[in-house]
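To start, the structure under review is shown below, and the notes come after it.
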Amino acid sequence: MFSIFRFLEWSMVRWAVVVLSHFAMENAAADEWRVISELPTQRTEFATAVVEGKIYLIGGTLFEHARGVERPEFRPGIWRGPFGMSLVEVYDPQTNTWQRLADIPTPRSEPMTAVVDGKIYVLAGYVGKDNLLVNIKHLKVVEMYDPQTDAWIRKQDMPTPRTQFGIGVVAGKIYAIGGYVHPRNRKPDEPWRLDLVETYDPATDTWAKRAKMPTRRDGFGAEVVRETIYAIGGSGWPHDGQGGPALATIEAYHPKTNRWQKKPDMPNLRWVFSTVVVADKIYLIGGTDLQAGDRRLAPVEAFDPVTEKWRVISVAPAVRLPFSIAAVNGKIYVFGGYDKDWELSPTVEVFDTGFRAVTAKGKLPTRWGQLKAEYQRHSQRD
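Listed below in structure tokens is the structure:
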């Protein structure tokens, strides 16, 4: 019997689904990248983190320390140093404005970041007075930033100092995966690309080892979708003399079971790209197409981990190698990078995926996914 209560419930669900569809499709036709700002401090090798809709830029190396481009078919340029900055700036997409914040206590270039409970954790990175290998130091320092107080707190060091590793947060814990280890931090006969997985628990300020990644790699994309960490592409082992071999390998790590799972390879091999998640889809941005003879700019691709399907987005940002990217409310922001002529760019570009997150406040505490599922069950019964 279809009671009045079921009718009201069904009506509410129907309304919720309509609202969800409206928000999810808003601006979906805006299939273009737009330049909206410039970096207030022109730098590279910084990290980004998103807290409450604001994007934090941390550390890095100044543009003026670039020496120019050498062998662009293999790498974007050579830096003379010094490496490592303490600078922290925040960008507000709503107002398109920048603000200087408290410096991070430990200067660093190429750090990694993770956000847990509204706090930003900055891990590793490196410093150096010049580009001589003997003067480069890989860091294991972990520091936490509280946006509410604009203050930094030192945390337990990483067990293994490394760079270019993957990072992800699942159930309040930070996972550091793979990466590159400096010669002074390893034995002479050990590979410098890692399969190591270590996890940090902010609640106890402790580190622990987890199951190793099946493929040694660094410089890969690592993103979390539905409590699973996906490791995508990167450079593998052994070294091929050109920084490779470049990998098409995708592996998924399940923290609950501490197990890795092989996934279908990337359909298009690319070198040096960035990743970000929007609406449970992993976007690959920047880099060069290794299957093209002229190493042209690779298109933007989106990977759906649920269906394991790929979608190519025709447009790409102006930069070839973004310094960093972030996503806020369905929009992807690219900060600086190398353009098609391998020149440093200070621009900030944005791409609107069309997705909008829906949050219910007060009147409808039920999750939208639950409402939609309830509506489908009612439709099947009636």
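Under this note's numbering, the letters of the sequence shown match residues 22 to 403, in that order. Backbone N, C-alpha and C define an ideal beta-carbon position, used for all residues, glycine too. The model shown is predicted, which means the values in this text are computed figures rather than measured ones.
Nearest neighbour of residue i, chosen from the options [CA to CA]
i, options, result
"G255", "P285, K208 and G199", "G199"
"M106", "Y142, D301, S130 and A70", "S130"
"I57", "D373, T368 and L153", "T368"
"T225", "V191, K233, S366 and Q177", "Q177"
"N279", "R121, A229, E322 and L60", "A229"
"L268", "H275, F294 and P276", "F294"
"V72", "L290, D138 and G375", "D138"
"I188", "T270, A70 and P343", "A70"
"A68", "K194, G375, A347 and P288", "A347"
"E329", "A273, P235 and D210", "A273"
"G80", "T127, V299, D239 and Q185", "T127"
"T227", "R214, D360 and G193", "G193"
"V349", "R55, G74 and H86", "G74"
"P266", "P235, R214, W281 and A300", "R214"
"W292", "A319, K284 and S345", "A319"
"M234", "A300, T118, I271 and T184", "I271"
"E364", "L217, L122 and E85", "E85"
"W331", "D360, Q115 and P288", "P288"
"M179", "L217, F344, W119 and Q120", "L217"
"T62", "P114, W119 and I76", "W119"
"I76", "K361, G375, S345 and D360", "S345"
"D301", "D286, E248, N156 and D362", "E248"
"V327", "P285, K361, P212 and A145", "P285"
"N117", "P343, R55, L108 and G375", "R55"
"A145", "D362, E66, W281 and D360", "E66"
Whole-Å CB distance - residue i paired with residue j, under 8 Å assumed
i, j, result
"T134", "I125", "Rounded, the Cβ-Cβ distance is 11 Å, inconsistent with contact."
"V237", "W258", "Sequence check: residue 237 is Arg here, not Val. Yes, R237 and W258 are in contact; Cβ-Cβ is about 4 Å, under 8 Å."
"V246", "V190", "Rounded, the Cβ-Cβ distance is 12 Å, inconsistent with contact."
"P223", "G149", "Not a contact, Cβ separation roughly 29 Å."
CB contact flag (residue i, residue j, <8 Å)
i, j, result
"Y112", "L153", "no"
"R341", "G358", "yes"
"D373", "G351", "yes"
"T220", "Y196", "yes"
"V143", "E164", "yes"
"T82", "R101", "no"
"K158", "Y166", "no"
"T296", "I303", "yes"
"E53", "V336", "yes"
"I353", "V333", "no"
"I306", "P276", "no"
"F241", "I253", "yes"
"P132", "K161", "no"
"D239", "Q185", "yes"
"V298", "E244", "yes"
"F407", "L122", "Since the first residue shown for the chain is 22 and the last is 403, residue 407 is missing from the structure and cannot be characterised."
Near the ligand NAP: residue i beta-carbon under 7 Å from a heavy atom
i, result
"E322", "No copy of the ligand NAP appears in this structure; indeed no ligand is present at all."
Report the start-end ranges of each alpha helix (DSSP H) in the segment 287-358 that is 4 residues or longer and not cut off at the edges. none
If we require 3 or more residues per run, which beta strand (DSSP E) segments fall completely within the segment 173-261? 187-191, 194-198, 218-222, 227-230, 242-246 and 249-253
Determine contact between the segment 163-176 and the segment 199-212, defined as no fewer than three beta-carbon pairs at a distance below 8 Å. no
Could you name each continuous beta strand (DSSP E) segment of 3 residues or more that falls completely within the segment 68-144, going from the start of the chain to the end? 68-72, 75-79, 109-113, 118-121, 133-137 and 140-144
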